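**Q**
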Amino acid sequence: MKNILITLIVLLFVATSCNDEFLERYPLDSITAETFWNTENDLSVYNNSLYNLARNDLNVPIMMGHDEGFNSNFLSIWYLDEMSDNATSVHPRHNFYAQIRAGKHIATVNPDNYGYRGWNFVRAINIGLANYGKAKVTDAIRNRYVGEARLFRGWFYADKVSKYGDVPYIEKELNTESEELFAARTPRVQAMDKIFDDLAFAAKNLPDSWGDGGAPGRLNRWCALLVQARVCLFEGTWRKYHGIPGGQKFLETAAAASKELIEKGPYKIFTTGNPNKDYNSYMQALNLSGNPEVMYWRKYTLGVITNHVQSYFEYHGGATRDFVEDYLCTDGLPISLSKLYKGDGKIEDSFENRDPRMRQTILHPSDVSVYKYHLNDGRAYPRLNGMAGGRISNTGYHVIKNYNADDMIGKAFNTAESPAITLRLAEGLLIYAEAQAELGKISQGDLDMSINKLRDRVKMPHLKLDNIPVDPKYVAEGISPVLAEIRRERRIELFNEGFRYDDLRRWKRGAKLKIKSLGLAMDASQKERYKGFVVRLYKDPVNGKEYLEPYAGSDFADPVFEETKHYLWPIPLNILAQNPAIKQNPGW
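The C-terminal residue of the sequence shown carries number 856 in the working numbering, and the numbering is unbroken.
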C-alpha cells in the first residue's frame with residue numbers, strides 16, 4: 269500500500285505540476301501540487317518516491333540490487349562482472365553482458381539495459397527541487413531533502429556520463445515545448461561540474477544518521493561521501509588516462525571524501541577474527557542490519573519484495589583464469605614471484621598457499637558440502653558444460669562469494685530474500701589508497717589505514733611501501749608497482765560487485781578485453797576427471813598448456829576493443845531520430 273501511495277504522489281506531480289487551471293480552487297479533500305509541500309513529512313514522502321523509482325535498476329542503475337521474479341535472471345548487480353575479464357556468461361539470457369565484454373554490441377533502436385533511459389527519474393527529482401522551498405521547515409531540515417535529491421541526480425548523471433560522455437543535463441522540469449528537448453548534449457566537462465556541485469551539497473547537508481538504526485532506509489551523509497568519492501575517482505582517473513584536463517580536482521576530492529568517511533564515519537571492517545570465513549560470511553547473510561561495514565543495502569522480504577537471483581546465478585559462467593591468477597600467495601607475492609605457488613595442474617593446486625579470499629570467492633572441491641552447493645545435490649564439483657546434472661560452469665571456477673543454498677532449498681519461485689550490498693566501507697578504503705597513489709602522495713600510513721585493513725581481515729601480509737613486489741604481469745602497463753598492487757587489491761576485494769568493467773574503462777585498459785577469457789587447465793588427467801565436458805580448449809602459447817576456452821565457437825570467441833569507440837556506449841537510434849542534435853558517439 270505504501271508503494272502505491274508513493275507512486276500516486278509522484279505521478280500526481282509529474283502530471284499536474286504545471287496546471288494552473290480552475291482559478292486555483294484546490295480541492296480540500298485531496299492532494300494537489302499546490303497544497304502538498306508544507307511539512308517535513310511531505311518532503312520525506314515525496315523523496316520516498318525517488319527511492320521507489322531507483323529500485324528499477326534497468327532504468328536507474330545506481331543503487332544496484334536484484335530485480336524481482338523472472339527478471340532476476342538478467343538484472344542483478346552480481347552479473348555485471350560478466351562484462352569484464354573477471355567472469356563469463358553461460359546462458360543466452362546473459363548475451364547482453366557477453367556482447368559488451370567481446371565488443372560485439374551495436375547501436376540498438378531502443379535503449380540498452382542500464383543505458384540511455386530513466387529520464388523520468390531526473391524529472392521527478394527536478395520537480396521536487398522546484399518545490400521543497402515551499403515547505404514550512406527550517407533550512408537545515410529542508411536541505412536534508414534537497415541534498416537527498418541532489419545526491420540522486422548527481423549519481424544518476426555520473427553513470428550516464430561514464431557511459432555516454434556528453435549528456436542531456438537538465439536541471440528543471442520540462443514541458444512538451446521546452447527547447448532543451450531538441451538541444452545538443454551538454455559537454456562532459458560542463459556536466460561533471462554540475463554533478464560535482466550536486467554531490468558536494470549532498471555530502472555537506474545530509475544528516476549523519478536518519479535514526480533508522482542501520483536498516484536499509486535513507487542514504488545518509490556517509491553514503492553521500494562514498495558516492496562522491498566513487499564518482500570523483502572515476503572522473504579523475506578517466507581524465508588522467510584519457511587526456512582530459514582537470515582531473516586533479518576530482519582525485520583530491522575522492523581522497524578527501526574517502527578519508528573523512530574512514531576517519532570520522534561510524535563504520536568499520538567486519539571481522540570476527542576468522543580469516544577463512546569473515547570475507548564472505550556476511551556476503552551470504554539474508555539480513556545485514558547492524559553490520560558495521562555495510563553502509564547501504566537492498567533488503568528483500570517475503571510478502572514485500574523478493575527475488576530469484578540465487579537460482580538464476582547459474583547463468584553466470586564462472587570466474588576466469590586471469591582473475592584467479594591475480595590472487596597473491598600467502599607470502600604477499602604474486603604467483604609469478606612466489607615459491608609457494610603450486611601451479612594450476614588441477615584446481616586444488618591453485619588454492620594452495622593463496623589469499624584466503626580466493627577460497628571464499630571460488631568453490632573449492634572440498635567445500636561442496638560446506639556450502640550445500642547446488643541444493644546440496646551431493647555431486648562432485650566443478651562441473652563443466654556437457655557433464656550430466658548439477659550446476660555447470662564454462663570455466664570451472666564456480667563463484668560462491670554470495671552463494672546461499674538456504675535461500676533456495678525448499679523455497680518456491682520468487683520467494684528468495686538474498687540482499688544486495690550497494691555501499692560498503694571496503695570500497696572507501698580502496699578509493700582512498702588509489703586516489704592518493706594517483707596524486708603521487710601515497711604513504712605507508714595511507715596503506716595502513718586502507719589496503720592493510722582489508723588484508724588484516726584475512727591475515728595477509730601488509731603491503732609495504734619500501735618493499736613493493738614488481739609483478740611481471742603489470743610491468744608493461746606503465747604504472748608504478750604500488751598502483752598495480754592497489755588495483756589488484758581492488759579487483760580481488762570487489763569481485764562480483766560490478767566495478768571491474770568501469771575500472772578498465774577509466775584506466776584506459778580496454779585492451780584487456782581483447783584477451784580471451786579462459787578457465788581450468790586441462791591435461792590428460794583433468795580431461796578424464798571432467799569426462800563429458802564439451803568446452804573447447806585453447807593452447808597457451810607461453811606455457812604450452814591447454815585451458816578451457818568458454819566462448820570458443822560462439823559469437824564472442826574473438827573479442828575486439830576499438831580504442832576510439834568502445835570506451836563509450838552508442839546512442840540508441842530512436843533517440844537520434846527524435847533529436848538529431850544529440851549526435852552519435854565516435855565509431856558507432
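Where a beta carbon is used, it is the ideal one built from N, C-alpha and C, also for glycine. Here the structure is a predicted model, which is why all the values come from computation and not from measurement.
1. Compute the distance between the beta-carbons of E796 and K807, then report whether it is under 8 Å.
2. Measuring straight from C-alpha to C-alpha, what distance separates N621 and M655?
3. Within 10 angstroms of its Cβ, does E445 collect 16 or more other Cβ (buried), or is it exposed?
4. Counting only the same chain and skipping the five closest in sequence on each side, list residues whose C-beta sits under 7 Å from that of S829.
5. For E531, does the count of other Cβ atoms within 10 angstroms reach 16, so buried, or fall short, so exposed?
6. Classify A366 as helix, strand or coil using the three-state DSSP reduction.
7. Per DSSP, what are the beta-bridge partners of Y564 in this structure?
8. Provide the residue(s) that pair with E817 in DSSP beta bridges, ordered along the chain.
9. Pairs of beta-carbons, one from the segment 667-680 and one from the segment 464-471, closer than 8 Å: are there three or more?
10. Here's the rule I'm using: 16 or more other beta-carbon atoms within 10 Å means buried, otherwise exposed. How should T569 be labelled?
11. Can you round the beta-carbon distance between C491 and A525 to whole angstroms, since I take them to be within the 8 Å contact cut?
12. Looking at the secondary structure, which residues open and close the alpha helix (DSSP H) in which L643 lies?
13. How far does the beta strand (DSSP E) with L805 in it extend, from its first residue to its last?
14. Going by DSSP, what residue range makes up the beta strand (DSSP E) through T356?
15. How would you label S661, buried or exposed, when you count the other beta carbons within 10 angstroms and need 16 or more for buried?
16. Does any C-beta atom of chain D lie closer than 8 Å to the C-beta of A403?
17. Let me know the beta strand (DSSP E) ranges lying completely inside the segment 475-542, each 3 residues or longer, listed in chain order.
18. Whole angstroms is fine: what's the gap from N768's alpha carbon to L348's?
19. Given a cut-off of 8 Å, decide if L474 and R489 are closer than it, judged by their beta-carbon atoms.
20. Which residues in the same chain as N399 place their Cβ atom closer than 6 Å to its Cβ, once the five residues preceding and following it in sequence are excluded?
21. Keeping to the same chain, check which residues put their C-beta closer than 8 Å to that of P687; ignore five residues upstream and five downstream.
22. Mind checking which residues open and close the alpha helix (DSSP H) that includes A301?
23. Rounded to whole angstroms, what is the Cα-Cα separation between D297 and A705?
24. Just verifying my parser: in three-state terms, what is the DSSP assignment at V828?
25. From K679, F801, I438, pick the residue whose C-alpha is nearest to that of G422; which is it?
26. Count the CB pairs spanning the segment 717-733 and the segment 610-620 that are closer than 8 Å, and state whether there are at least three.
27. If you pair each beta-carbon of the segment 836-856 with each one of the segment 787-806, do three or more pairs fall below 8 Å?
28. State the CB to CB distance for the pair L596 and D635, rounded to an integer number of angstroms; the pair is presumed to be in contact (CB under 8 Å).
29. Rounded to whole angstroms, what is the Cα-Cα separation between W387 and K440?
30. Can you tell me the Cα-Cα spacing of D791 and N682, whole angstroms?
31. So for E292, helix, strand or coil by DSSP?
32. Rounded to the nearest angstrom, what separates I699 and A523 at their Cα positions?
33. According to the neighbour-count rule (16 or more other Cβ atoms, all chains shown, within 10 Å of its Cβ), is F450 buried or exposed?
34. Roughly how many angstroms lie between the CA atoms of G511 and D461, to the nearest whole one?
35. Who pairs with S344 in a beta bridge, going by DSSP?
36. Can you tell me the Cα-Cα spacing of R759 and N443, whole angstroms?
**A** Put simply:
1. no
2. 30 Å
3. exposed
4. Checking the sequence, you will find Phe at residue 829 rather than Ser. These residues qualify, in order along the chain: G371, G778, A779, L781, K782.
5. exposed
6. helix
7. L691
8. For E817, which the question treats as bridged, DSSP gives no partner whatsoever.
9. no
10. exposed
11. Going by Cβ atoms, the distance from C491 to A525 rounds to 11 Å, so no, they are not a contact pair.
12. 641-644
13. 805-807
14. 355-357
15. buried
16. This model lacks chain D altogether; it includes just one protein chain.
17. none
18. Correcting the residue type first, residue 768 is Arg in the shown sequence and not Asn. Their backbone Cα atoms lie some 8 Å apart in a straight line.
19. yes
20. W305
21. G333, P484, A553, L554, N555, L556, W565, R566, K567, Y568
22. 301-304
23. Residue placement at D297 is poorly supported in this model, since its pLDDT is 45, which falls under 50; the coordinates are not used for a value here.
24. coil
25. I438
26. no
27. no
28. With a Cβ gap of about 20 Å, L596 and D635 do not count as contacting.
29. 12 Å
30. 41 Å
31. At E292 the pLDDT is 36, less than 50, meaning the model places this residue with poor confidence and gives no usable figure here.
32. 7 Å
33. exposed
34. 17 Å
35. H334
36. 44 Å
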